[in-house]
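Participant:
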Ligand code: CAA
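In our numbering, the protein residues as written are 21 to 278.
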């Protein structure tokens, strides 16, 4: 896959999408996110791929939506094009597991796209923030909602109203990121996590992701019923038989659906 603003690489069942717009600190212009959406569509259709890593550079995961691109937009421009929903949300709509590997600036739309991923592994140099208030706007790609769900009202208010940045340690304490690792280890650790996920049954991993995400949309009773039904349905799969048989036979499972 050849693109101008992203690099897509593959290692077995793991694909990595890297933002590659260093001069603008990977600001998420429309062209870049169209490319990301296109790459994700292809990776979703690719039966070999079981997990994707989304990453940036050491200096910036992404410093936000492209301010220069938006600066002179009218309400009608931004309403009619609705680029955030059309392209950027492709990350949230992706059905296979996707990990954000974040170092450096992860701000505004960058933080919002990282939060669309299933979990975030951060380097110790990562800095998170929703600084849109400094630009006379607020987060517009899900930050007011996903950040609040991730870290709670008080911290989300603090981040969005002051526009301050949070370092990796605070982000881990707040539950925004799942692990913090030294910068040099970031892609190795993310790659190992992704390979572990991609080594499982792909449809079972996808259903697990779908069920956890359903918890944000449903009451506890509905969510528990949803989980139970999907859990029960897994007993129709070869991979459930293989996984449990392998355990009993004290060997590694060889899942069919990979
Ligand atoms: N959009 C467009 N260009 C950006 C950008 C952005 N979000 N962030 C950085 N850049 C560009 C700068 O304009 C600069 O370009 P030039 O060399 O052509 O001037 C280049 O990237 C390097 O940036 P700086 O010189 O500013 O680098 P720095 O190291 O001094 O500062 C920074 C780094 C603190 C991240 C600073 O660049 C910054 O504050 N960026 C903006 C962060 C921001 O406000 N993000 C929110 C965007 S709005 C949004 O995302 C809305 C939404 O919710 C959807």
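Glycine included, every Cβ here is placed at the ideal spot set by N, Cα and C.
1) What residue from 221, 225 and 144 has the CA that sits closest to residue 190's CA?
2) Can you give, in chain order, each stretch of the alpha helix (DSSP H) that sits fully within the region 144-231 and has at least 4 residues?
3) Closer than 8 Å: is that where the CB of residue 128 sits relative to any heavy atom of the ligand CAA?
4) What do you reckon, is the C-beta of residue 86 under 8 Å from a heavy atom of the ligand CAA?
5) Among the residues of its own chain, which have a CB less than 6 Å from the CB of residue 107, if the five just before and after it don't count?
6) Applying the criterion that 16 or more other CB atoms from any shown protein chain within 10 Å of the CB defines a buried residue, is residue 125 buried or exposed?
7) Report the rounded CA-to-CA distance for residue 256 versus residue 216, giving the unit in angstroms.
8) Just confirm the distance between the C-beta atoms of residue 223 and residue 277, as a whole number of angstroms; I'd bet it's less than 8 Å.
9) Roughly how many angstroms lie between the CA atoms of residue 24 and residue 116, to the nearest whole one?
10) If we count the other Cβ atoms within 10 Å of its Cβ and call it buried at 16 or more, is residue 128 buried or exposed?
11) Measure the CB-CB distance between residue 119 and residue 74 and report whether it falls below 9 Å.
12) Is it the case that the region 170-187 contacts the region 142-159, given that we only count it when at least three CB pairs across the two stretches are under 8 Å?
Facilitator: So, to answer that:
1) 144
2) 168-171, 173-182, 188-194 and 206-218
3) yes
4) yes
5) 53, 54 and 57
6) buried
7) 23 Å
8) 5 Å
9) 24 Å
10) buried
11) yes
12) yes
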